[in-house]
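Chains as they are written, first to last, in the working numbering: chain D, 10 to 122; chain P, 114 to 238. Working notes, beginning with the structure itself.
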Amino acid sequence: DIVMTQSPDSLAVSLGERATINCKSSQSVLYSSNNKNYLAWYQQKPGQPPKLLIYWASARESGVPDRFSGSGSGTDFTLTITSLQAEDVAVYYCQQYYSTPITFGQGTRLEIK
Amino acid sequence: QVHLVESGGGVVQPGRSLRLSCAASGFTFSSYTMHWVRQAPGKGLEWVALISYDGDNKYYTDSVKGRFTISRDNSKNTLYLQMNSLRPEDTAVYYCARDRGWLVLPGGDDAFDIWGQGTLVTVSS
Numbered sequence: 010d011i012v013m014t015q016s017p018d019s020l021a022v023s024l025g026e027r028a029t030i031n032c033k034s035s036q037s038v039l040y041s042s043n044n045k046n047y048l049a050w051y052q053q054k055p056g057q058p059p060k061l062l063i064y065w066a067s068a069r070e071s072g073v074p075d076r077f078s079g080s081g082s083g084t085d086f087t088l089t090i091t092s093l094q095a096e097d098v099a100v101y102y103c104q105q106y107y108s109t110p111i112t113f114g115q116g117t118r119l120e121i122k
Numbered sequence: 114q115v116h117l118v119e120s121g122g123g124v125v126q127p128g129r130s131l132r133l134s135c136a137a138s139g140f141t142f143s144s145y146t147m148h149w150v151r152q153a154p155g156k157g158l159e160w161v162a163l164i165s166y167d168g169d170n171k172y173y174t175d176s177v178k179g180r181f182t183i184s185r186d187n188s189k190n191t192l193y194l195q196m197n198s199l200r201p202e203d204t205a206v207y208y209c210a211r212d213r214g215w216l217v218l219p220g221g222d223d224a225f226d227i228w229g230q231g232t233l234v235t236v237s238s
């Protein structure tokens with residue numbers, strides 16, 4: 010199984026500042042035949058289902074604000090939120106869909122400082 | 114409008130069975146791989162199972178193999194999860210989710226773009 014490890018577990022950032030969440034996979038999720046990283050990021054607010062933010066490691070889902078961006082390749086990935094807004098308070102998960110079982114990171118709780 | 118609505122959750126004793134349903138609307142259900150994902154109270158997300166758009170390919174996480182069965186009825190736009198021999202550790206909110214991949218086999222190689230609101234399953238005596 011591919012183990013996904015996020016850091017940090019929790020993060021407090023001031024409004025308007027940048028938030029950075031890291032995700033490391035235990036093996037590469039880059040598929041060489043199509044050069045795609047099988048990595049997604051989700052946002053989950055209390056009492057709500059997860060919401061897809063980023064897929065293929067860096068493609069932003071339709072309707073997601075452009076302050077959210079994803080980067081990285083192979084085994085190391087980053088979700089960056091520039092200019093943090095109050096509505097961005099949530100738990101963020103990375104996910105690999107390179108192979109089954111599909112696995113998620115443990116989550117990173119983002120709060121306002 | 115694209116919607117997924119889960120139902121069938123509740124309180125059940127260990128060892129008993131429960132069947133969850135997920136009704137889809139607003140998209141061509143029969144063209145998409147579908148998933149079940151669960152979340153234990155206060156915990157993270159755990160993928161449970163997937164089924165390809167045609168129903169022929171199914172995959173499960175190890176902890177539910179032999180106990181849970183994923184299925185679909187494309188004529189009814191409905192996804193199911195039959196859960197047998199339930200254990201206290203199966204207690205969770207169960208979400209159904211749509212895979213972004215369209216008419217892809219065997220399925221499961223894309224992100225999850227649509228999620229239902231979830232249904233709570235509590236396994237307790």
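The C-beta atom is built at its ideal place from N, Cα and C for all residues, glycine as well.
| Query | Result |
| --- | --- |
| Beta-carbon proximity of Leu207 of chain P to Arg151 of chain P, cut-off 8 angstroms | One detail in the question is off: residue 207 of chain P reads as Tyr in this sequence, not Leu. The answer is yes: Cβ separation under 8 angstroms. |
| Distance between beta carbons of Val236 of chain P and Leu199 of chain P, contact taken as under 8 angstroms | 5 angstroms |
| Min CB distance Gly179 of chain P to chain D below 8 angstroms | no |
| First through last residue of the beta strand (DSSP E) which encompasses Lys24 of chain D | In the sequence under discussion, the amino acid at residue 24 of chain D is Leu, which differs from the Lys named in the question. Premise fails: Leu24 of chain D is in no beta strand (DSSP E) and is neither H nor E. |
| Closest Cα partner of Ser238 of chain P within the set P:Thr141, P:Gly128, P:Asp186 | P:Gly128 |
| Distance between Gly83 of chain D and Asn44 of chain D (C-alpha atoms, nearest Å) | 10 angstroms |
| Proximity winner among D:Tyr106, D:Thr112, D:Leu88, D:Pro110, relative to Leu119 of chain D (alpha-carbon distances) | D:Leu88 |
| Residue range of the beta strand (DSSP E) that includes Asp212 of chain P | 205 to 215 |
| Runs of beta strand (DSSP E) wholly within the stretch 74 to 113 of chain D (minimum 3 residues, chain order) | 77 to 82, 85 to 90, 99 to 105 |
| Cα-Cα separation between Phe225 of chain P and Arg213 of chain P, rounded to whole angstroms | 6 angstroms |
| Option in P:Ala210, P:Gly220, P:Gly231 with minimal Cα separation from Phe140 of chain P | P:Ala210 |
| Exposure of Gln94 of chain D, with buried meaning 16 or more beta-carbon neighbours within 10 Å | exposed |
| Cut-off 6 angstroms between Cβ atoms - residues of its own chain near Gln126 of chain P, not counting five sequence neighbours on either side | Ser238 |
| The beta strand (DSSP E) enclosing Lys171 of chain P, as first and last residue numbers | 171 to 173 |
| In DSSP terms, what Lys45 of chain D is bridged to | D:Tyr40 |
| Close beta carbons around Glu159 of chain P, own chain, < 6 angstroms, minus the five adjacent residues each side | Arg151 |
| Through-space distance from Leu62 of chain D to Ile90 of chain D, alpha-carbon basis | 11 angstroms |
| Assigned secondary structure, Ser238 of chain P (DSSP; H/G/I helix, E/B strand, else coil) | coil |
| Residue nearest to Gly221 of chain P in terms of C-alpha spacing, selected from P:Gln230, P:Ser176, P:Ser165 | P:Ser165 |
| Close beta carbons around Trp215 of chain P, own chain, < 6 angstroms, minus the five adjacent residues each side | Ser144 |
| Under the three-state DSSP convention, the category Val12 of chain D falls into | coil |
| Helix, strand or coil at Phe110 of chain P according to DSSP, with G and I counted as helix | Residue 110 of chain P is absent from the structure shown; chain P starts at 114 and stops at 238. |
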